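Chains as they are written, first to last, in our numbering: chain A, 41 to 188; chain B, 41 to 188. The block underneath contains the structure these notes are about, expressed in structure tokens.
Protein chains: 2
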Amino acid sequence: MNKPAKLRSRNPSTADGQTMYSLVRAAHVLESRLEEALEQVGLSLAKFGALSHLVKEGEPLSLSECATKMTCVRSNMTQLVDRLEADGLVRRVEDPEDRRAVRAAVTPLGKERYAAGVREVEKVQAEFSKTISGIDRGTLERVLSAIK
Amino acid sequence: MNKPAKLRSRNPSTADGQTMYSLVRAAHVLESRLEEALEQVGLSLAKFGALSHLVKEGEPLSLSECATKMTCVRSNMTQLVDRLEADGLVRRVEDPEDRRAVRAAVTPLGKERYAAGVREVEKVQAEFSKTISGIDRGTLERVLSAIK
DNA sequence: ACTATACTATTCATATATGAATAAGCCCGC
DNA sequence: GCGGGCTTATTCATATATGAATAGTATAGT
Numbered sequence: 041m042n043k044p045a046k047l048r049s050r051n052p053s054t055a056d057g058q059t060m061y062s063l064v065r066a067a068h069v070l071e072s073r074l075e076e077a078l079e080q081v082g083l084s085l086a087k088f089g090a091l092s093h094l095v096k097e098g099e100p101l102s103l104s105e106c107a108t109k110m111t112c113v114r115s116n117m118t119q120l121v122d123r124l125e126a127d128g129l130v131r132r133v134e135d136p137e138d139r140r141a142v143r144a145a146v147t148p149l150g151k152e153r154y155a156a157g158v159r160e161v162e163k164v165q166a167e168f169s170k171t172i173s174g175i176d177r178g179t180l181e182r183v184l185s186a187i188k
Numbered sequence: 041m042n043k044p045a046k047l048r049s050r051n052p053s054t055a056d057g058q059t060m061y062s063l064v065r066a067a068h069v070l071e072s073r074l075e076e077a078l079e080q081v082g083l084s085l086a087k088f089g090a091l092s093h094l095v096k097e098g099e100p101l102s103l104s105e106c107a108t109k110m111t112c113v114r115s116n117m118t119q120l121v122d123r124l125e126a127d128g129l130v131r132r133v134e135d136p137e138d139r140r141a142v143r144a145a146v147t148p149l150g151k152e153r154y155a156a157g158v159r160e161v162e163k164v165q166a167e168f169s170k171t172i173s174g175i176d177r178g179t180l181e182r183v184l185s186a187i188k
């Protein structure tokens with residue numbers, strides 16, 4: 041639902057600052073497009089991201105593992121799983137191995153919804169692909185992955 | 041304070057999808073760095089962004105104008121100005137020309153804080169600049185600005 | 001002058017994120 | 001086996017964002 045307004049504008053101190061802001065702005069635009077596309081199938085980017093890890097893993101993941109994979113704090117995952125559960129897309133199941141842990145299991149509806157999300161996301165990716173034709177993808181990937 | 045966990049991970053449907061996710065991830069990393077840098081001087085990225093528009097404009101802006109410049113909805117600006125006002129960085133002033141409007145005026149403390157923020161942000165920009173040496177800046181800018 | 005329409009900011013409900021505090025359960029060294 | 005130190009999830013307070021609903025003000029067209 042929300043996208044940060046924070047830095048949608050820019051600060052012109054240096055030329056590179058410009059590029060940095062451009063990159064952040066472009067990412068926000070892409071996120072908006074993804075949110076919009078996923079909204080068509082009743083998902084948000086956050087929900088889609090969580091489902092994608094669960095579906096790919098093929099078995100229930102503890103909320104801690106989910107949080108790690110999504111690079112967010114656990115309290116965020118607690119709330120996200122609350123919403124996913126309310127939507128009927130995942131179920132909380134106990135972990136018999138570790139009674140502290142709670143695992144999130146994707147429901148059949150969750151799998152369906154995820155598949156529909158993938159189809160929507162692929163459209164956005166195709167769009168994006170056209171836009172970045174005309175830049176060397178390898179170089180771009182290398183630079184982007186250097187930002188950590 | 042917050043950065044989206046949403047898409048910090050990736051979905052490997054196509055190679056270009058990878059690049060799209062890389063871009064989004066990189067932007068989140070940059071935002072985190074900016075948030076961290078600004079935290080040193082008691083600012084968030086959202087607050088810094090609002091201050092930057094107000095300082096550059098040189099005179100009080102209505103909340104609607106602020107929202108437009110920050111590309112966010114007005115209710116967001118209402119809350120952001122609430123927090124900036126609580127920090128003593130801006131003041132709400134009435135607009136004698138239009139009794140509907142409320143303008144945000146930067147305080148002297150706000151100007152100082154902004155200047156301190158700029159110094160912090162410049163450090164992050166310098167860091168970023170090093171990272172992207174090795175890619176043609178013009179090409180990158182052109183591609184990024186094509187995303188809208 | 002009046003009315004319809006549009007724009008102002010605010011409030012409210014909600015989603016997404018963080019981080020601190022808490023309670024429960026695990027496990028290592030003794 | 002037990003005490004201390006992790007890790008687990010949750011709750012709470014808060015920040016940032018959206019969008020719907022509202023109240024007040026402005027303005028254009030008649």
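Ideal Cβ positions, reconstructed from N, Cα and C, are used throughout, including at glycine. Note that the structure is predicted; figures quoted are calculated from it, not measured.
Three or more beta-carbon pairs separated by less than 8 Å are not found between the stretch 116-126 of chain B and the stretch 169-186 of chain B, which leaves the two stretches without contact. Under DSSP, the beta-bridge partners assigned to residue 102 of chain A are A:143. Neighbours of residue 62 of chain B across chain A, judged by C-beta separation under 7 Å: 181, 184, 185.
In the three-state scheme derived from DSSP, where H, G and I count as helix and E and B as strand, residue 137 of chain B is classed as coil.
In its chain, beyond the 5 residues on either side, 141, 143 have a beta carbon closer than 6 Å to the beta carbon of residue 135 of chain A.
The residue among B:137, B:181, B:131 with its C-alpha nearest the C-alpha of residue 148 of chain B is B:131. As DSSP reads the structure, residue 132 of chain A sits in a beta bridge with A:144.
Proximity of residue 70 of chain A to chain B, defined by a Cβ-Cβ separation below 9 Å, is satisfied. The Cβ-Cβ distance between residue 74 of chain A and residue 161 of chain A falls below 9 Å. In this structure, DSSP gives residue 111 of chain B a state outside helix and strand, which the three-state scheme calls coil. With a threshold of 16 other beta carbon atoms within 10 Å, residue 163 of chain A falls short and is exposed. In the three-state reduction of the DSSP assignment, residue 176 of chain A falls in the coil class. Residues of the stretch 112-142 of chain A whose Cβ lies closer than 7 Å to any Cβ of chain B, in chain order: 112, 116. Looking at the backbone, the Cα of residue 89 of chain A and that of residue 155 of chain B are separated by about 38 Å. Taking the CA atoms as reference points, residue 121 of chain B sits about 13 Å from residue 112 of chain B.
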